[in-house]
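**Student:** Could you have a look at this structure, given as structure tokens, before my questions?
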Amino acid sequence: MVDESRAVLTGTHFMSGDLACAEGALAAGCQFFGGYPITPATEISERMSRRLVEVGGVFVQMEDEIGSIAAVIGASYAGKKAMTATSGPGFSLMQENIGLAVMTETPLVIVNIMRGGPSTGQPTMPGQQDVMQARWGSHGDYEIIALAPSSVQEMFNLTIECFNLAETYRVPVILLADEIIGHMWERVKIPPAEEINVVSRKKPKTPTAEYQPFKPDKDLVPPMACFGEGYRFHATGLTHDEKGAPETVSAEVQTELVKRLADKIRKNAEKIVKAQRVMLEDADVAVIAYGIPSRAALSAVREARKKGIKAGLLRLVTIWPFPQELVSDVAKQVKAIVVPEMNYGQLVREVERAAKTTPVILLSKLGEEPHRPSEIIEAMRRAVK
Amino acid sequence: MRMEIRLAGFGGQGIIRSGLILSMAACIYSDKNAVQTQSYGPESRGGSCKSEVVISEGDIDFPKVDDPDIVMLMSQEAYHKYVNTAKKNGTVLVDPHMVQDRNDPPNLKIYDVPATKIAKDIGKVIVANVVMLGALTAITKIVTPEALKNAVLRNIPKGSEDLNTAAFEQGYAYGSELVRKQGKTEP
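Residue numbers (our numbering), protein chains in the order written: chain S, 1 to 385; chain U, 1 to 187.
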């Protein structure tokens, strides 16, 4: 029995990050999931396979991750909010079609519950090793949006935000979580449906004959008709004009299109970027963290204050587009920045670039155990000595 | 107050499920905050397996266990790896039939709970984790027996209620007896 009111399970729950992600997707209006199971993201598929059917959506287990992302692009073009969920190896397979989604300006959500890589690496262990792949994984120049949750509640909230951003900017949006958050169980509050902000793509207002699917509005985002609604709509991975017709030799069209695809994100970055500032007002040392290490960082900053270290935290919720200004504001104020990451140094490079002359210290962690608060306190202490 | 609990054994013993039961008992049935995290290998059975629970009245920033107040060990490998991780004067529960090679460190309150044997006697070895949780509840009082029992019932397949209730009751009775013999331990 289909019961659409079951899309939002209002109430207080105790669930894992993966399950909360699935619930967030449903609350955002997701109606299609195409995926292939992979640890540690499988629980999202499992939950969606049961729950989507309840609310009248479609779940397809595809033959692989290449097929998964292709099916999601198709579902989005048919007018449905659509998603897939995977981990590193599957994310690698999706890269070519992520580029297609960027080029065809297809709203969709990709969840990557990061595990240890490279290759099949450590399937059941956490990592943050796909940060640069999320940004630059597909070929060509483009901008993309990626959010990094640090709690089970945020797995719910930010999945909704991913859909809203995808629909607003006609761009693939990545929820970049890690194995610890995906498999962690915590309390989650799901608000009543009417309190959840849900955004849907803007529709064309022009007569069907005049519609140009890649002609942008002032915000650089073109309204999106859906297949089957009566509009002529040609979509291609080739460079195309505003009608969607391939234009494979014109430098002007190539320049205009590539710039617009990037600028619709760059010029709206201020609206997109979200971060949490904790005790930064008078800080002379800052931790900049995202995902699971930010939980240890929060604890470390609180403890450090008790020990007389003027510590603060900038927790990045949005990692792409990179919050350049927020980081450089912090860098101007503090003596040093500590960046704990569960990789061998990825987002730290962006922090260094924004920090200019302020010293940036990488705390790298690989494998099972995340940073302990004491390690971050020690790094801060050394930094301000 | 923040309490950290580490549960360890091998895949198939219900170690991760035990962590879930304990955290649900705290979060859903005791109105505290709780976070459960887990660690296991790619093998679904036989590989080493660990579950961590943090329980607190306040917010839980760091969700992992750093300096555990309570450690529950159900395999030889888990014993070697984690017996020394318990904090000073911490509480350690060991299944002596699963851990024969022992070198108990000083300054710990160690309780031997033959959970696997008790479970076998009840009829099914798979409820050994619930026996252990019963004993843990009696010894540490970290949650009430009612809260834990409710959480057990929420986590088991239909038709296994009697078996699991018996496992919990026997574990709880065994734990209470140990407390009488060895002295109480406050969380």
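For glycine and all other residues, C-beta sits at the position ideal for the given N, C-alpha and C.
Report the neighbours of Pro373 of chain S on chain U: residues whose CB is nearer than 9 Å to its CB, in chain order.
**Tutor:** Translated into positions along the first sequence, residue 373 of chain S becomes position 373. The answer, in chain order, is Asp61, Phe62 and Asp66.
**Student:** Please state the DSSP three-state secondary structure of Gln95 of chain S.
**Tutor:** The residue given as residue 95 of chain S occupies position 95 in the first sequence. Of the three classes helix, strand and coil, the one that applies to Gln95 of chain S here is helix, per DSSP.
**Student:** Helix, strand or coil for Cys30 of chain S? Go by DSSP, reduced to three states.
**Tutor:** Here residue 30 of chain S refers to the residue found at position 30 of the first sequence. Cys30 of chain S: strand per DSSP, three-state reduction.
**Student:** Taking 8 Å as the CB-CB limit, is Thr37 of chain U close to chain S?
**Tutor:** Reading the second sequence from its first residue, position 37 is the one you call residue 37 of chain U. For Thr37 of chain U, a Cβ of chain S is located within less than 8 Å of the residue's own Cβ.
**Student:** Report yes or no: is there a C-beta of chain C within less than 8 Å of the C-beta of Thr124 of chain S?
**Tutor:** Reference to chain C is not applicable here, since the protein chains of this structure are S and U.
**Student:** Alpha carbon to alpha carbon, what distance is there between Glu4 of chain U and Lys385 of chain S?
**Tutor:** The sequence position of residue 385 of chain S within the first sequence is 385, counting from 1. The sequence position of residue 4 of chain U within the second sequence is 4, counting from 1. Looking at the two C-alpha atoms, the distance is approximately 32 Å.
**Student:** By the 10 Å Cβ neighbour count, where 16 or more other Cβ atoms means buried, how is Ala251 of chain S classified, buried or exposed?
**Tutor:** Position 251 of the first sequence, counting from 1, holds the residue named residue 251 of chain S. Ala251 of chain S comes out exposed.
**Student:** Looking at Glu57 of chain U and Lys32 of chain U, is the spacing between their C-beta atoms short of 8 Å?
**Tutor:** Mapped onto the second sequence, residue 32 of chain U falls at position 32. Mapped onto the second sequence, residue 57 of chain U falls at position 57. Against a cut-off of 8 Å, the Cβ pair of Glu57 of chain U and Lys32 of chain U comes out as a contact.
**Student:** From which residue to which residue does the beta strand (DSSP E) around Leu136 of chain U run?
**Tutor:** Position 136 of the second sequence, counting from 1, holds the residue named residue 136 of chain U. Unbroken run through Leu136 of chain U is the alpha helix (DSSP H), Ala128 to Thr140; no beta strand (DSSP E).
**Student:** If you follow the alpha helix (DSSP H) that Arg6 of chain U is part of, which residue opens it and which one closes it?
**Tutor:** Locating residue 6 of chain U in the second sequence gives position 6, where the first residue counts as 1. Here Arg6 of chain U belongs to no alpha helix (DSSP H); instead the beta strand (DSSP E) covers Met3 to Phe10.
**Student:** Taking the beta strand (DSSP E) that Glu270 of chain S belongs to, which residues open and close that run?
**Tutor:** The residue labelled residue 270 of chain S in the question sits at position 270 within the first sequence. Note, Glu270 of chain S: premise wrong, no beta strand (DSSP E); alpha helix (DSSP H) at Ala269 to Ile272.
**Student:** Since I believe Tyr174 of chain U is in contact with Ile118 of chain U (beta carbons under 8 Å), could you give me their beta-carbon distance rounded to a whole number of angstroms?
**Tutor:** Translated into positions along the second sequence, residue 118 of chain U becomes position 118. Translated into positions along the second sequence, residue 174 of chain U becomes position 174. Yes, Ile118 of chain U and Tyr174 of chain U are in contact; Cβ-Cβ is about 7 Å, under 8 Å.
**Student:** Quick one: what's got a C-beta closer than 7 Å to Arg51 of chain S's C-beta in the same chain, skipping five residues either side?
**Tutor:** By 1-based counting over the first sequence, the position of residue 51 of chain S is 51. So the qualifying residues of the chain are Ala22 and Leu26.
**Student:** Need the endpoints of the alpha helix (DSSP H) that Arg266 of chain S sits in, please.
**Tutor:** Start at 1 with the first residue of the first sequence, and residue 266 of chain S comes out as number 266. Residues Ala251 to Arg266.
**Student:** Name the residue from U:Lys81, U:Gly171, U:Lys158 and U:Thr137 whose alpha carbon lies nearest to the alpha carbon of Asp121 of chain U.
**Tutor:** Indexing the second sequence from 1 puts residue 121 of chain U at position 121. Among U:Lys81, U:Gly171, U:Lys158 and U:Thr137, the Cα nearest to that of Asp121 of chain U belongs to U:Gly171.
**Student:** Take every Cβ of the stretch 225-236 of chain S, pair it with every Cβ of the stretch 185-194 of chain S, and state whether three or more of those distances are shorter than 8 Å.
**Tutor:** no
**Student:** Answer with buried or exposed for Lys50 of chain U, where buried requires no fewer than 16 other C-beta atoms within 10 angstroms of its C-beta.
**Tutor:** The sequence position of residue 50 of chain U within the second sequence is 50, counting from 1. Under this definition Lys50 of chain U is a buried residue.
**Student:** Relative to the C-alpha of Gly14 of chain U, which candidate in U:Gly159, U:Asn155 and U:Gln182 has its C-alpha closest?
**Tutor:** Stepping through the second sequence from its first residue, residue 14 of chain U is reached at position 14. Nearest C-alpha to Gly14 of chain U: U:Asn155.
**Student:** Under 8 Å between beta-carbons, which chain S residues line up against Leu20 of chain U? List them in chain order, please.
**Tutor:** For this step, residue 20 of chain U is matched to residue 20 along the second sequence. Per Cβ cutoff of 8 Å: Trp185.
**Student:** Out of curiosity, what's the CA-to-CA distance linking Leu108 of chain S and Thr37 of chain U?
**Tutor:** As a first step, residue 108 of chain S must be located in the first sequence, where it is residue number 108. As a first step, residue 37 of chain U must be located in the second sequence, where it is residue number 37. Their Cα atoms are separated by approximately 29 Å.
**Student:** Alpha carbons only, please: which of U:Val83, U:Ala34, U:Glu43 and U:Ser75 is nearest the one belonging to Asp61 of chain U?
**Tutor:** As a working note, residue 61 of chain U is residue 61 in the second sequence. Relative to the Cα of Asp61 of chain U, the nearest Cα in the group U:Val83, U:Ala34, U:Glu43 and U:Ser75 belongs to U:Ala34.
**Student:** According to DSSP, simplified to helix, strand and coil, what is Met72 of chain U?
**Tutor:** Position 72 of the second sequence holds residue 72 of chain U. If DSSP states are grouped into helix, strand and coil, Met72 of chain U belongs with the strands.
**Student:** Which residue or residues does DSSP assign as beta-bridge partners of Asn33 of chain U?
**Tutor:** As a working note, residue 33 of chain U is residue 33 in the second sequence. Paired residues: U:Ser56.
**Student:** Could you give the first and the last residue of the continuous beta strand (DSSP E) run that contains His183 of chain S?
**Tutor:** What you label residue 183 of chain S is simply residue 183 of the first sequence in a count that begins at 1. For His183 of chain S, there is no enclosing beta strand (DSSP E); the residue is part of the alpha helix (DSSP H) that begins and ends at Glu179 to His183.
**Student:** Quick check: is the beta carbon of Pro42 of chain U nearer than 8 Å to any beta carbon in chain S?
**Tutor:** Here residue 42 of chain U refers to the residue found at position 42 when the second sequence is read from its first residue. It does; some Cβ of chain S falls within 8 Å.
**Student:** Are the C-beta atoms of Ile28 of chain U and some chain S residue less than 8 Å apart?
**Tutor:** In the second sequence, residue 28 of chain U corresponds to position 28, counting from 1. For Ile28 of chain U, the answer is yes, since a Cβ of chain S falls inside 8 Å of its Cβ.
**Student:** For a contact defined as C-beta to C-beta under 9 Å, what are the partners of Asn33 of chain U on chain S?
**Tutor:** Stepping through the second sequence from its first residue, residue 33 of chain U is reached at position 33. Those within 9 Å of Asn33 of chain U in chain S are Glu186 and Arg187.
**Student:** Could you give the DSSP three-state label for Ser364 of chain S: helix, strand or coil?
**Tutor:** As a working mapping, residue 364 of chain S is identified with position 364 in the first sequence. Looking at Ser364 of chain S - three-state DSSP - the assignment turns out to be strand.
**Student:** For Gly75 of chain U and chain S, any beta-carbon pair shorter than 8 Å?
**Tutor:** Taking the second sequence and counting its residues from 1, one reaches residue 75 of chain U at position 75. As written in the sequence, residue 75 of chain U is Ser, which differs from the Gly given in the question. Answer no: the Cβ-Cβ gap between Ser75 of chain U and chain S never drops below 8 Å.
**Student:** Could you check what DSSP says for Asp162 of chain U in three-state terms: helix, strand or coil?
**Tutor:** The sequence position of residue 162 of chain U within the second sequence is 162, counting from 1. Three-state result, Asp162 of chain U: helix.
**Student:** Give the C-beta separation of Arg372 of chain S and Ala296 of chain S to the nearest angstrom, bearing in mind that I take them to be a contact with Cβ-Cβ under 8 Å.
**Tutor:** The residue labelled residue 372 of chain S in the question sits at position 372 within the first sequence. The residue labelled residue 296 of chain S in the question sits at position 296 within the first sequence. About 6 Å separates the two Cβ atoms, so the contact holds.
**Student:** Shorter than 8 Å from the beta carbon of Ala101 of chain S to some beta carbon of chain U?
**Tutor:** Residue numbering aside, residue 101 of chain S sits at position 101 when the first sequence is read from its first letter. No - not a single Cβ of chain U is within 8 Å of the one on Ala101 of chain S.
**Student:** Identify each residue in the stretch 150-181 of chain S for which the Cβ-Cβ distance to at least one residue of chain U is less than 7 Å, and report them in chain order.
**Tutor:** Ile180
**Student:** One question on the structure: do Gly46 of chain U and Tyr40 of chain U come within less than 8 Å of each other, judged by their Cβ atoms?
**Tutor:** For the purposes of this step, residue 46 of chain U is taken as residue 46 along the second sequence, with counting starting at 1. For the purposes of this step, residue 40 of chain U is taken as residue 40 along the second sequence, with counting starting at 1. It is not a contact, given that the beta carbons lie outside the stated cut-off.
**Student:** Show which residues of chain S have a CB atom less than 7 Å away from the CB atom of Ser48 of chain U.
**Tutor:** Reading the second sequence from its first residue, position 48 is the one you call residue 48 of chain U. Those within 7 Å of Ser48 of chain U in chain S number zero; the least Cβ separation is about 11 Å.
**Student:** Consider the Cβ of Glu368 of chain S: report whether some Cβ of chain U lies at a distance smaller than 8 Å.
**Tutor:** Here the question's residue 368 of chain S lines up with position 368 in the first sequence. Yes, Glu368 of chain S counts as interfacial toward chain U.
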